[in-house]
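Numbering (my numbering), first residue to last: 573 to 703.
Ideal Cβ positions, reconstructed from N, Cα and C, are used throughout, including at glycine.
Please read the structure below before turning to the comments.
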């Protein structure tokens, strides 16, 4: 509400942040973040961020549009935990799926569980014997 009052007093405050002044990548990033905030029920953060980035609900890119823009049917598709266009209840936000997919792609075959000296293995480690 405060943002609306401020915009009416000085319309130039948010004039340069609208989608017509954003690159496609900025609009996609803002749309991903809007979807994430909405999925987490971060209503207050969303009420501040959305007017600040200049996207109305109609201007936020859909998952299908984001999928096309970000080429999510390419090599990353096999690493995403869910279909990028899935709006099914319980589907993770696209931003989270992308982060998981990127981590999966970058660490394919390289990630593994490694025990460290500080892991608790029931007191049978040589470190616990030394202490």
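- Look at residue 649 here: in three-state DSSP terms it is helix.
- In this structure, DSSP gives residue 616 a helical state, which the three-state scheme calls helix.
- By the 16-neighbour rule on beta-carbons within 10 angstroms, residue 633 is buried.
- Taking C-beta atoms under 8 Å as the contact rule, residue 656 and residue 666 qualify, at a distance of about 6 Å.
- Going by C-alpha positions, residue 619 is about 35 Å away from residue 647.
- Short of 8 Å from the beta carbon of residue 672, and not among the five residues preceding or following it, lie these beta carbons of its own chain, in chain order: 651, 652, 653, 664.
- In terms of CA proximity to residue 674, 649 leads the group 615, 639, 611, 649.
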